[in-house]
Amino acid sequence: MKNFIKVLLVAFMLFACSSCGLFNTHYTFINSSSYTIHIQPNGQVWLEFYVGPGQQYVLELLATYSSVQFLYSPSDKVYPVDGHNKTTFYNR
Numbered sequence: 293m294k295n296f297i298k299v300l301l302v303a304f305m306l307f308a309c310s311s312c313g314l315f316n317t318h319y320t321f322i323n324s325s326s327y328t329i330h331i332q333p334n335g336q337v338w339l340e341f342y343v344g345p346g347q348q349y350v351l352e353l354l355a356t357y358s359s360v361q362f363l364y365s366p367s368d369k370v371y372p373v374d375g376h377n378k379t380t381f382y383n384r
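Put into structure tokens, the structure is as follows:
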């Protein structure tokens, strides 16, 4: 019985943890380039958007994805660098 209570307590703490990042549903796009970037989903369900120079956009995912798949332009002027739950764009 004590083991069941311990397992139940651990499960409750995991589900109650909203700020610990284990179940993160946000992904941030940071534009460190001098171009406006058009970002659109690649086989996932979320809306496309634009990020201006020096701005960032936080994507709130409607479903839990293990990664965010996207297309971006102008791909000949900028390149992405992926981080933990974020992508930063720089000038080429």
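Count along the sequence shown from 1, add 292, and you get the number used in the working numbering. Don't be surprised by glycine CBs; every beta carbon is placed ideally from N, CA and C.
Taking the CA atoms as reference points, residue 379 sits about 6 Å from residue 322.
For residue 365, the number of other beta carbons within 10 angstroms of its own is below 16, and it is reported as exposed. For residue 377, the three-state secondary structure derived from DSSP is coil. Distance between residue 326 and residue 382, taken at the CA atoms: about 8 Å. Taken through DSSP and simplified to helix, strand or coil, residue 323 comes out as strand. For residue 334, the secondary structure class from DSSP, reduced to helix, strand or coil, is coil. With 16 or more other CB atoms across the displayed protein chains lying within 10 angstroms of its CB, residue 331 is buried.
For residue 350, the CB contacts under 7 Å within the same chain, skipping 5 residues up- and downstream, are 318, 320 in chain order. CA-CA distance, residue 352 to residue 338, rounds to 9 Å.
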